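In this text, residue positions in the sequence shown follow our numbering: the first is 5, and each later residue adds one.
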Amino acid sequence: MESFLSAHQLQRTSLILVLVVVVVVVVVVVVLVALGTHCHLICRLPVMVRLLALGTCILSLASHALSTPVRLADPPRRPLVIWHGLGDSYASPGMLEFMQLIKDMHSGLFIHSVYLNEDLEEDQKAGFFGNVNEQLETVAEQLANVTELSGGFDAIGFSQGGQFLRAYVERYNTPPVHNLITFGSQHMGVSDLPACRRWDLVCQLARRAARGGVYTEWAQHNLVQAQYYRDPEQLETYLNSSTFLAEVNNEVPESHNGTYADNLATLNALVLVLFAADKTVVPKESSWFGSYAPADTSSAADEKTIVPMRLQPLYTHDWIGLRTLDESGRVVLETCDGEHMQLTDECWKPLVQRFVGEVLDDYVPGEAALRVQD
Numbered sequence: 005m006e007s008f009l010s011a012h013q014l015q016r017t018s019l020i021l022v023l024v025v026v027v028v029v030v031v032v033v034v035v036l037v038a039l040g041t042h043c044h045l046i047c048r049l050p051v052m053v054r055l056l057a058l059g060t061c062i063l064s065l066a067s068h069a070l071s072t073p074v075r076l077a078d079p080p081r082r083p084l085v086i087w088h089g090l091g092d093s094y095a096s097p098g099m100l101e102f103m104q105l106i107k108d109m110h111s112g113l114f115i116h117s118v119y120l121n122e123d124l125e126e127d128q129k130a131g132f133f134g135n136v137n138e139q140l141e142t143v144a145e146q147l148a149n150v151t152e153l154s155g156g157f158d159a160i161g162f163s164q165g166g167q168f169l170r171a172y173v174e175r176y177n178t179p180p181v182h183n184l185i186t187f188g189s190q191h192m193g194v195s196d197l198p199a200c201r202r203w204d205l206v207c208q209l210a211r212r213a214a215r216g217g218v219y220t221e222w223a224q225h226n227l228v229q230a231q232y233y234r235d236p237e238q239l240e241t242y243l244n245s246s247t248f249l250a251e252v253n254n255e256v257p258e259s260h261n262g263t264y265a266d267n268l269a270t271l272n273a274l275v276l277v278l279f280a281a282d283k284t285v286v287p288k289e290s291s292w293f294g295s296y297a298p299a300d301t302s303s304a305a306d307e308k309t310i311v312p313m314r315l316q317p318l319y320t321h322d323w324i325g326l327r328t329l330d331e332s333g334r335v336v337l338e339t340c341d342g343e344h345m346q347l348t349d350e351c352w353k354p355l356v357q358r359f360v361g362e363v364l365d366d367y368v369p370g371e372a373a374l375r376v377q378d
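Next comes the structure, spelled out in structure tokens:
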């Protein structure tokens with residue numbers, strides 16, 4: 005209501021000013037008539053006509069200006085960073101469409117899409133091949149150099165982009181993340197490699213190479229999916245060989261990093277979205293920090309037992325600040341229908357409406373500059 009009144013008051017003030025100008029013109033005409041004792045009326049007529057014409061012109065311009073719609077400038081909102089998922093790129097048609105939908109929801113919102121290479125094809129390949137730790141360092145530098153993000157931002161991670169953004173929070177967080185939403189992410193890794201579409205040769209090559217030895221030094225430095233592969237049958241090998249996930253989850257006792265817990269605990273909200281029919285993320289509960297229990301040779305059934313988030317050692321010992329977040333009500337567990345990354349409006353819109361695009365505290369409704377509607 006305050007914003008509407010502010011615009012209405014501006015129009016009313018403008019109208020008063022125009023009327024004042026018209027009155028002044030009329031007064032001048034009257035004065036000229038009254039004081040013009042040395043000239044006949046016909047002598048003063050051209051001046052009077054000009055003044056009356058001027059008044060008419062002012063009225064016409066004012067009428068046009070006041071009939072032109074005005075609106076308050078978009079309020080300053082907390083910006084958004086998005087990290088795309090496997091097989092996608094930072095500016096694919098799907099990503100551009102999704103970003104536009106969010107901008108339609110939150111007018112004036114600044115969105116930055118994370119990229120590892122400005123070339124779309126190379127950026128897509130970087131989701132399969134590369135050193136995740138080096139990629140994170142590149143992204144941290146990238147975000148630090150975006151002026152619009154300097155005061156902090158909300159973040160959305162699609163699939164593997166979700167655990168990468170969480171790793172950014174734990175390791176860097178400058179500028180800081182306010183709310184983090186992860187859709188179908190693999191926070192406790194995967195126990196099987198993602199299936200590939202028949203035509204996706206890049207994915208098939210990466211999958212074949214990873215299956216040849218996910219815990220080899222080469223795979224742990226060059227194959228992205230191998231760097232978050234968590235095999236419950238080879239848990240010790242995973243802990244000793246993983247160069248990314250075991251480290252960012254603080255699962256290796258001798259290398260715990262207290263900064264990770266401190267940084268993650270600064271989040272305002274951590275929103276974890278699981279897809280109910282997800283067959284790409286194995287187990288799907290990884291999106292909620294769940295995992296398969298370590299294999300027990302005495303019982304084959306143990307292999308498929310799910311250890312939920314609140315029973316994970318990283319939670320009970322609060323190795324990454326997850327328990328601190330949860331006990332203070334800042335962990336939100338959401339389920340979306342459908343398979344992996346099948347984002348329906350019912351799934352993503354309520355979350356983006358609630359956790360993205362908040363108007364910043366220094367914005368006072370009604371005091372923003374007014375501009376002409378294009």
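The beta-carbon is built from N, C-alpha and C at its ideal position, and this holds for glycine as well. Since the structure is predicted, the reported quantities are computational estimates derived from the model, not experimental observations.
Taking the CB atoms as reference points, tell me whether Phe-248 and Val-85 lie closer together than 7 Å.
Here residue 248 is taken as the residue at index 244 of the sequence shown, counted from 1. Here residue 85 is taken as the residue at index 81 of the sequence shown, counted from 1. Cβ distance not < 7 Å, so Phe-248 and Val-85 don't count as in contact.
Buried or exposed: which applies to Leu-45, given that a residue is buried once 16 or more other Cβ atoms fall within 10 Å of its Cβ?
Locating residue 45 in the sequence shown gives position 41, counting from the first residue. Unreliable positioning characterises Leu-45 in this predicted model, as indicated by a pLDDT of 49, which lies under 50. A coordinate reading is not provided.
Under the three-state reduction of DSSP, which class applies to Ser-295: helix, strand or coil?
Within the sequence shown, residue 295 is the residue found at index 291, counting from 1. Note: Ser-295 maps to strand in three-state DSSP.
Helix, strand or coil for Thr-151? Go by DSSP, reduced to three states.
By 1-based counting over the sequence shown, the position of residue 151 is 147. If DSSP states are grouped into helix, strand and coil, Thr-151 belongs with the helices.
Just confirm the distance between the C-beta atoms of Phe-187 and Met-313, as a whole number of angstroms; I'd bet it's less than 8 Å.
Taking the sequence shown and counting its residues from 1, the one referred to as residue 187 is at position 183. Taking the sequence shown and counting its residues from 1, the one referred to as residue 313 is at position 309. No, Phe-187 and Met-313 are not in contact; Cβ-Cβ is about 17 Å, not under 8 Å.
Could you check the C-alpha separation between Glu-383 and Val-173 for me, to the nearest Å?
A question about residue 383 goes unanswered here, because the residues of the chain that appear run from 5 up to 378.
Quick check on DSSP: helix, strand or coil for Arg-81?
As a first step, residue 81 must be located in the sequence shown, where it is residue number 77. Correct three-state label for Arg-81: strand.
From Ser-195 to Pro-80, what distance separates their C-alpha atoms?
Translated into the one-based positions of the sequence shown, residue 195 becomes position 191. Translated into the one-based positions of the sequence shown, residue 80 becomes position 76. C-alpha separation (whole angstroms): 43 Å.
Alpha carbon to alpha carbon, how far is Gln-229 from Trp-203?
Here residue 229 is taken as the residue at index 225 of the sequence shown, counted from 1. Here residue 203 is taken as the residue at index 199 of the sequence shown, counted from 1. So the two alpha carbons sit approximately 19 Å from each other.
Which of the three DSSP states, helix, strand or coil, is assigned to Leu-113?
Here the question's residue 113 lines up with position 109 in the sequence shown. If DSSP states are grouped into helix, strand and coil, Leu-113 belongs with coil.
If you drop the 5 nearest sequence neighbours on each side, which residues of the same chain put their C-beta closer than 7 Å to that of Cys-200?
On the sequence shown, position 196 is the one that residue 200 refers to. Correct list, in chain order: Cys-207, Gln-208 and Arg-211.
Which ranges does the beta strand (DSSP E) cover as unbroken runs of at least 3 residues, wholly within the stretch 215–303, from first to last along the chain?
273–279
Go ahead and label Ser-154 buried or exposed: buried means 16 or more other beta carbons lie within 10 angstroms of its beta carbon, across all protein chains shown.
If you number the sequence shown from 1, residue 154 lands on position 150. Under this definition Ser-154 is an exposed residue.
Taking the continuous beta strand (DSSP E) assigned at Cys-340, which residues delimit it?
On the sequence shown, position 336 is the one that residue 340 refers to. First-last of the beta strand (DSSP E) with Cys-340: 335–340.
Can you name, in chain order, every residue of its own chain whose Cβ lies under 6 Å from the Cβ of Ala-159, other than the five neighbours on each side?
The residue you call residue 159 lines up with position 155 of the sequence shown. Within the same chain, Ala-159 has close Cβ partners Val-85, Leu-169, Val-181 and Leu-184.
Thr-186 by DSSP, collapsed to three states: which one?
Counting from 1 along the sequence shown, the entry for residue 186 is found at position 182. In this structure, Thr-186 counts as strand in the three-state DSSP scheme.
Helix, strand or coil for Val-173, going by three-state DSSP, please let me know.
As a working mapping, residue 173 is identified with position 169 in the sequence shown. Helix.
According to DSSP, residues forming a beta bridge with Ala-159:
Position 155 of the sequence shown, counted from the first residue, corresponds to residue 159. Note: Ala-159 sits in a beta bridge opposite Val-85 and Leu-184.
Distance, Cα to Cα, Glu-362 vs Thr-220?
Mapped onto the sequence shown, residue 362 falls at position 358. Mapped onto the sequence shown, residue 220 falls at position 216. Whole-angstrom Cα-Cα distance: 45 Å.
If contact is defined by three or more beta carbon pairs under 8 Å, each pair taking one atom from either stretch, is the stretch 250–268 in contact with the stretch 111–120?
no
Distance between Leu-278 and Glu-343 (C-alpha atoms, nearest Å):
For this step, residue 343 is matched to residue 339 along the sequence shown. For this step, residue 278 is matched to residue 274 along the sequence shown. So the two alpha carbons sit approximately 10 Å from each other.
Compute the distance between the beta-carbons of Leu-1 and Ala-171, then report whether it is under 7 Å.
Any property of residue 1 remains undetermined from this structure, which presents the chain solely from 5 to 378.
In whole angstroms, give me the CA-to-CA distance for His-321 and Asp-123.
For the purposes of this step, residue 321 is taken as the residue at position 317 of the sequence shown. For the purposes of this step, residue 123 is taken as the residue at position 119 of the sequence shown. So the alpha carbons of these two residues sit roughly 42 Å apart.
Would a C-beta distance cut-off of 7 Å place Gly-89 and Phe-162 closer than the cut-off?
Numbered from its first residue, the sequence shown carries residue 89 at position 85. Numbered from its first residue, the sequence shown carries residue 162 at position 158. Yes; because the gap between Cβ atoms is below 7 Å, this pair is in contact.
Helix, strand or coil at Ile-324 [DSSP, three-state]:
Residue numbering aside, residue 324 sits at position 320 when the sequence shown is read from its first letter. It is coil, neither helix nor strand.
Applying the 10 Å Cβ sphere with the 16-neighbour rule, what's the burial state of Ser-395?
Nothing can be reported for residue 395: it is not among the residues displayed for the chain, which extend from 5 to 378.
Near Glu-237, what residues of its chain come up, given a Cβ to Cβ distance below 6 Å and the 5 sequence neighbours on each side ignored?
The residue you call residue 237 lines up with position 233 of the sequence shown. Taken in chain order, the residues that qualify are Ala-299.
Please report the straight-line C-alpha distance between Leu-315 and Gly-325, rounded to a whole angstrom.
Start at 1 with the first residue of the sequence shown, and residue 315 comes out as number 311. Start at 1 with the first residue of the sequence shown, and residue 325 comes out as number 321. Each residue's Cα considered, the two are about 14 Å apart.
Just verifying my parser: in three-state terms, what is the DSSP assignment at Phe-168?
Mapped onto the sequence shown, residue 168 falls at position 164. Helix.
State yes or no: is the C-beta of Ser-189 within less than 7 Å of the C-beta of Ser-93?
To locate residue 189, count along the sequence shown from 1; it is residue 185. To locate residue 93, count along the sequence shown from 1; it is residue 89. No, the pair does not count as a contact, with Cβ atoms beyond the cut-off.
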